[in-house]
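Have a look at the structure below, then the notes.
Number of protein chains: 2
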Amino acid sequence: MTVPIVHDDLATLEFLLGTWRGEGRGEYPTIDEFTYREEIDFTHVGKPFLIYRQRTWDDRGGPLHTESGYLRPVGTHAAELIIAQPTGVTEIHTGEVFGTKLAMSAAQVGLSPTAKRVTAVTRTVSVLGDELTYRLEMAAVGQQLQLHLEAKLYRVLDD
Amino acid sequence: MTVPIVHDDLATLEFLLGTWRGEGRGEYPTIDEFTYREEIDFTHVGKPFLIYRQRTWDDRGGPLHTESGYLRPVGTHAAELIIAQPTGVTEIHTGEVFGTKLAMSAAQVGLSPTAKRVTAVTRTVSVLGDELTYRLEMAAVGQQLQLHLEAKLYRVLDD
């Protein structure tokens, strides 16, 4: 297997490539506050998109959330994030790239018949050296848009 | 790492678990007919959903399509399929399970601002022993719902 060359269109998103591990915390008016361990991968296959996968675990290693999808560059300073979740939710975000920061807002949230009612999501992701932080705000189950998740992860050099 | 036990709610979808490899063909009024190599994985983490990932390649090994998502059982004879695609498309299917056949129709198709206009998708997946066949019909770019992809894959015992 040859390692593909990163597509030219990914120049502004390349800072996300790699595996990231760390910890986060979640809160919402309808649930107890919680903490989690997390791993995020951004990979590519030589085409003009990043492949995104995320997994979280509780303190005893039990699986919590997971999601997967794709990050598409749009021109040189914008992007689209396309996500599927096992909770029956899809998110289609549009947003902007500022250096090594990504600020996204869901243009569409798709819900399967059995999914919880998520109505709005924003996601910001910032990379500083080998540290990635993100913040996710959500409006769901009748609550206003507000902080749901924040986490700090570090780039893993060898897997 | 301990191998998780398959969740009880996955009893009717368990026949999909594993890695499948094979070949397919695609057609549509707006493009030339084409063939492809394909790999599909259905995995699980002990929770009540299957993790789905699919990749296709051309005859020279160049990457073509990929998509990822989740299959959620609903009761004992229904399911929801939640998919994200790097083309900017999400699909939320509902459908039924008949033995080892899954017949799904997209209840929602989500499109990012730069995605091609896909308006309807149906997917049927059948497993007979170690053979998986699927058929995908699509309405897109102004065309009626019609055959777009069909493929035959075989279960891979060791990866």
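These protein sequence lines are chains A and B, in that order. Per the working numbering, residue 48 is the first one in the first sequence, and the count goes up by one each step. Per the working numbering, residue 48 is the first one in the second sequence, and the count goes up by one each step. All residues carry an ideal CB built from backbone N, CA and C; glycine is no exception.
- In the DSSP annotation of this structure, the continuous segment of the beta strand (DSSP E) that includes Ser152 of chain A starts and ends at 148-158.
- Listed along the chain, the chain A residues whose CB falls inside 8 Å of the CB of Arg119 of chain B are Pro133, Gly135, Ser159, Thr161.
- Taking each of B:Thr141, B:Thr113, B:Thr137 in turn and checking the Cα distance to Pro120 of chain B, the smallest one comes out for B:Thr141.
- In the structure shown, the three-state DSSP call for Asp105 of chain B is coil.
- Within chain B, the residues whose beta carbon sits less than 8 Å from that of Phe96 of chain A are Pro133, listed in sequence order.
- For the segment 67-94 of chain B, residues whose beta-carbon sits nearer than 9 Å to a beta-carbon of chain A comprise Val92, Gly93, Lys94.
- Thr90 of chain A sits exposed, since fewer than 16 C-beta atoms from the chains shown fall within 10 Å of its C-beta.
- For Ile52 of chain A, no CB of chain B lies under 7 Å from its own CB, so it is not counted at the interface with that chain.
- Taking a Cβ-Cβ threshold of 9 Å, none of the residues of chain B is close to Thr59 of chain A; the smallest such distance is about 15 Å.
- By the beta-carbon neighbour count (other beta carbons within 10 angstroms, threshold 16), Glu143 of chain B is exposed.
- With a contact defined as Cβ atoms closer than 8 Å, Ala167 of chain A and Met185 of chain A qualify at about 7 Å.
- DSSP places Phe62 of chain A in the helix class (H, G or I) of the three-state scheme.
- Counting only residues of its own chain and dropping the five nearest sequence neighbours on each side, Ala187 of chain B has a CB closer than 7 Å to the CB of Lys163, Arg164, Val165, Thr166.
- For Gly108 of chain B, the closest Cβ of chain A is not nearer than 7 Å.
- What Thr141 of chain A touches in chain B, judged by beta-carbon distance under 8 Å, is Ser159, Pro160, going in chain order.
- The C-beta distance from Arg68 of chain A to Val203 of chain A rounds to 5 Å, short enough to fall under 8 Å.
- Asp79 of chain A sits in a strand when the DSSP states are folded into three classes.
- Under the Cβ criterion of 7 Å, Gly116 of chain B is counted among the residues facing chain A.
- Counted as a single uninterrupted DSSP element, the beta strand (DSSP E) harbouring Ala186 of chain B occupies residues 178-187.
- Among the CB atoms of chain B, one or more fall inside 7 Å of the CB of Glu127 of chain A.
- Residues of the same chain with a CB within less than 8 Å of the CB of Ser159 of chain A, apart from the 5 flanking positions on each side, are Gly135, Val136 in chain order.
- Non-local beta-carbon contacts of Arg170 of chain B in its own chain, meaning distances under 6 Å to residues more than five positions away in sequence, involve Met151, Leu183 in chain order.
- A distance below 7 Å separates the beta carbons of Pro133 of chain A and Phe96 of chain B.
- For Tyr181 of chain A, the closest C-alpha among the options A:Val92, A:Glu138, A:Tyr201 is that of A:Tyr201.
- For Val156 of chain B, the closest of A:Gly73, A:Gln193, A:Ile129 by C-alpha to C-alpha distance is A:Ile129.
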